[in-house]
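Protein sequences, first through last, are from chains A and B. Going letter by letter, the first sequence gives residues 89 to 409 in my numbering. Going letter by letter, the second sequence gives residues 12 to 268 in my numbering. Don't be surprised by glycine CBs; every beta carbon is placed ideally from N, CA and C. These numbers come from a predicted model, not from an experiment.
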Amino acid sequence: MSEALLTLEELTVKAGNLTLLDKITFSVKRGETIGIVGESGSGKSMTAWSILRLLPKGVKAAGGKVCFKGTDLYSRSAEEMRALRGRRIAMIFQDPHAALNPIRTIAAQMDDVIRAHFREDKQARRARMRRFLTMVELAESERVLSSYPFQLSGGMLQRVLIAMALCLEPDMLIADEPTTALDALIRLQIVELLQKVQRESGMALMVISHDFGVVSKLAGHIVVMYGGRMAEYAATGEILEHSRHPYTRALLKSRPSVKHVAERLYTIPGTPPKAGEPEKGCKFEPRCPFRAGRCRREAPPLYEHGRGRVACFFHEDLKNV
Amino acid sequence: MSDQKEALLRAVALSQSYSSKHGRIRALNSVSLELYPGETLGIAGESGSGKSTLLRLLSALEPPHEGEVRFEGKIISGAPVNERRAYYKRIGIVFQQPRLSFDPRWTLFRSLEEPLQINRFGSSGERRALVLETAEKTGLDEELLNRYPSQLSGGQLQRAAIARAIILKPRLVFLDEPTAALDVSIQAQILNLLKDLQKLEGLAYLFVSHDISVLAYLATRIMVLKNGTVMESGPAKMILNEAGNAYTRTLLASAME
């Protein structure tokens, strides 16, 4: 077994007294994809920002570690983090329009990124841009390079951002809701593109989404997050077929399907919790169909089962339900 | 069977084009459709398919270049403003972004009461009773009515948008991607609410979405639009199980499950 590229060990992030992330623990190896699934406020984006140490003002890592290639990123200097961001761990976001400067060409913006990290002459940098635009299947790379963002479609822009992230040849790519702003067909194309570029580059991929479909198509393992905590962690097939957590199961059941059209969708009552609510016990307790008195008093630990982990007192009983 | 009933909404050969720098752009190309009382017609299409243009023409926010729209047999498209106003009272619209659909300075109660005031409905007490009744139907607690949009979640606001769309008891509601901006667990709540209200109020829906799995859940019939042209149209079961059109099949395959 090769060593993990990135390991989060009980990472805890707080804003004042509010716990935003509570003991997040998982790891990912080179060539692997980990998926993070959750709804708003689950902490899935906060997890990505905390890996890159890009926490919003007033939000601080309050415990645990983020180990990348064996060293804790929180022991690195600001200078070292700047050199690492983008170069070793790259990130792409939901809205490609918001990630680009509207009044500069794609070439100018890609060039900034390359020059910040590589000492290459103009010709080599141009060749690098073309190489990675070809990798993301943008055929007319010269035309794309001389375009402004508004001249390209949303799907093309997301390809440009993937090329921009890949052109520094990172060890890991974090994709935060990479397909949410896109139409269904383009969404599938971008998912297939991410699969392809990962195979070709051998990097590790972390894909964050509210959409189980997107994540399960890409990831070998999935972390399900709820209210800033891990609800469950397991291999994708295990999560989809034999989840041991009531939230994961409910979320999977509440999705409409084109193959099996339900008479009525399963629903989870209530709304996802705000940060710090409920104060005690399991975060999912107020919405959980399996809740018991204990769930309101104490938060369930992450139980190990098989090769997965689950935060539910009743995970053994759920095996047979 | 549907042919014996009178169509609630009927569009015949709707075409629309806009001028741009590069000449005329044809946004909609001879689209015809019928919607019967109590049914849901799902319009599936991606960006640029013409589904938003179609919605604007059907809701008489804009007259078509060619073709006509009829509601209960009466021509709506290009009708004088007083006739269109009468039509607006009979329809409701729910948009994708509930936060953009409400005045941030108004309480929810005021936003729900506004359509009643505009239409000079009843006394203040009667209006209040109808607001409360509609809020209950859409699953909004009474205490939420005193809140401002910033104090409500996306799901609560979308329930409020639905409440406002049905408060004048329309026969037809246009739904423009009503769950695209919501969390998965909230999407299911809203879709079930729409299903229940349809039965309770005898509503017809025209439901526009790029997500065919959402349409699969609610639609009686589905129409697939691409580049302003109808690719395929028919009973939802047929479209989902034996689509004849290659584009429809690609769209179905793109639903990652």
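Query: Scan the segment 212–239 of chain B for residues whose Cβ lies nearer than 7 Å to a Cβ of chain A and list them as they occur along the chain.; Result: H221, D222, I223, S224, V225, A227, Y228
Query: Fully enclosed by the segment 306–350 of chain A, which beta strand (DSSP E) runs are 3 residues long or longer?; Result: 309–314, 317–323
Query: At a CB distance below 7 Å, what residues from the segment 132–145 of chain A approach chain B? Give them in sequence order.; Result: none
Query: For the segment 83–157 of chain B, list the beta strand (DSSP E) runs that are entirely contained and at least 3 residues long, ordered along the chain.; Result: 102–105
Query: Taking the CB atoms as reference points, tell me whether B:L123 and B:V142 lie closer together than 8 Å.; Result: yes
Query: Going straight from the alpha carbon of A:L94 to that of A:G131, what length do you get?; Result: 18 Å
Query: Cα-Cα, which of A:R385, A:A136, A:A363 is closest to A:C370?; Result: A:R385
Query: Of all the residues that make up the segment 191–203 of chain B, which are near chain A by a beta-carbon distance shorter than 8 Å?; Result: D194, V195, S196, I197, Q198, A199, Q200, L202, N203
Query: Should B:A172 go down as buried or exposed, given a rule of 16 or more other Cβ atoms within 10 Å for buried?; Result: buried
Query: Distance cutoff 8 Å, beta carbons only. Does A:R282 sit that close to anything in chain B?; Result: Residue identity differs from the one stated: residue 282 of chain A is Leu in this sequence, not Arg. No, A:L282 lies away from the interface with chain B (no Cβ there is under 8 Å from its Cβ).
Query: Whole angstroms are fine: how far does the CA of A:T324 sit from the CA of A:E91?; Result: 21 Å
Query: Just verifying my parser: in three-state terms, what is the DSSP assignment at A:T121?; Result: strand
Query: Taking Cβ positions only, does B:G78 come closer than 8 Å to chain A?; Result: no
Query: When DSSP labels each residue in this structure, what does B:G49 get in the three-state scheme?; Result: coil
Query: Determine, using beta-carbon pairs with one atom in the segment 184–200 of chain A and one in the segment 233–247 of chain A, whether at least three such pairs fall under 8 Å.; Result: yes
Query: Give, in chain order, every residue of the segment 155–188 of chain B whose Cβ lies closer than 7 Å to some Cβ of chain A.; Result: S164, G166
Query: Locate the alpha helix (DSSP H) running through B:R170, then write down its first and last residues.; Result: 165–177
Query: CA-CA distance, B:G84 and A:E365?; Result: 54 Å
Query: Check distances from the C-beta atoms of the segment 259–283 of chain A to those of chain B and list, in chain order, the residues that come in under 8 Å.; Result: D271, A272, L273, I274, R275, L276, V279
Query: From the DSSP output, which residues share a beta bridge with A:E228?; Result: Bridge partners of A:E228: none, in fact.
Query: Does the separation of the CB atoms of A:I356 and A:A263 fall below 8 Å?; Result: no
Query: What does DSSP give as the partner residues of A:V154 in its beta bridges?; Result: A:L96
Query: For the candidate residues A:E326, A:G158, A:H333, A:W137, whose alpha-carbon lies nearest to that of A:A149?; Result: A:W137
Query: As a quick exercise: from B:G59, B:G61, B:S70, pick the residue whose alpha carbon is nearest that of B:Y216.; Result: B:S70
Query: Please give me, in chain order, every unbroken run of the beta strand (DSSP E) with length at least 3 that falls completely inside the segment 153–233 of chain A.; Result: 177–180
Query: Work out the CA separation of A:I250 and B:L208 for me, nearest whole Å.; Result: 43 Å
Query: Can you give me, in chain order, the residues of the segment 248–266 of chain B that have a beta carbon less than 7 Å from any beta carbon in chain A?; Result: L251, T261, L262, L263, S265, A266
Query: For the structure I just gave you, are there three or more beta carbon pairs, one from the segment 59–77 of chain B and one from the segment 24–43 of chain B, closer than 8 Å?; Result: yes
Query: Whose C-alpha, out of B:L168, B:I54, B:P126, B:K148, is nearest the C-alpha of B:K206?; Result: B:K148
Query: Anyone know if the C-beta pair for A:G126 and A:M313 falls short of 8 Å?; Result: yes
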